[in-house]
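Colleague: Take a look at the following structure, please.
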Amino acid sequence: PVPSDIEISQSFVPDNVGEVAAAAGILPEEVDLYGSFKAKIKLSVLERLKDTNNGNYIVVTGINPTPLGEGKSTTTIGLCQAIGAHVGKKVFTCIRQPSQGPTFGIKGGAAGGGYSQ
């Protein structure tokens, strides 16, 4: 049987955000930690990295979902996984809006469920 979204999310152990920042090349003094899993990055990192090459920015906007419900969130996660795993690039993915259906009783606003977490 396929596990539920909550079972999948509860089985996941998040990475320590300090280690994630270090892997991305951010120095410890440029990170303000809020526990083990949240942080703010100081703007001074922009000055330090101003002479490095810029990355690419991909925006996944309005598309019609497939009959199986695959839309922007699934496409975004798929692109992230493909670029990271198959192309070998460093990838950061931001899905800005959580699912609004359970909270507000409205359709849309999904941020991916299941294994996309």
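Positions 677 to 793 (the working numbering) are the ones given, in order, by the sequence shown. C-beta atoms are modelled at their ideal positions from N, C-alpha and C, and glycine is treated no differently.
(1) How is the beta strand (DSSP E) around residue 734 delimited, first residue to last?
(2) Taking residue 747 as the reference, which of 771, 764, 681, 767 has the closest Cα?
(3) Leaving aside the five residues before and after residue 714 along the sequence, list all residues of the same chain whose C-beta is less than 8 Å from its C-beta, in chain order.
(4) Which residue's Cα is closest to the Cα of residue 732: 769, 680, 738?
(5) For residue 686 and residue 679, I'd like the C-alpha separation in whole angstroms.
Modeller: In this structure, then:
(1) As a first step, residue 734 is located in the sequence shown; it is residue number 58 there, counting from the start. Neither: residue 734 is in no beta strand (DSSP E) and is coded neither H nor E.
(2) In the sequence shown, the residue the question calls residue 747 occupies position 71. Cα-wise, what sits closest to residue 747 is 771.
(3) Translated into positions along the sequence shown, residue 714 becomes position 38. Contacts found: 693.
(4) Taking the first residue of the sequence shown as position 1, residue 732 is located at position 56. Of 769, 680, 738, the residue nearest in Cα terms is 769.
(5) The residue given as residue 686 occupies position 10 in the sequence shown. The residue given as residue 679 occupies position 3 in the sequence shown. Straight-line Cα distance between these residues: approximately 11 Å.
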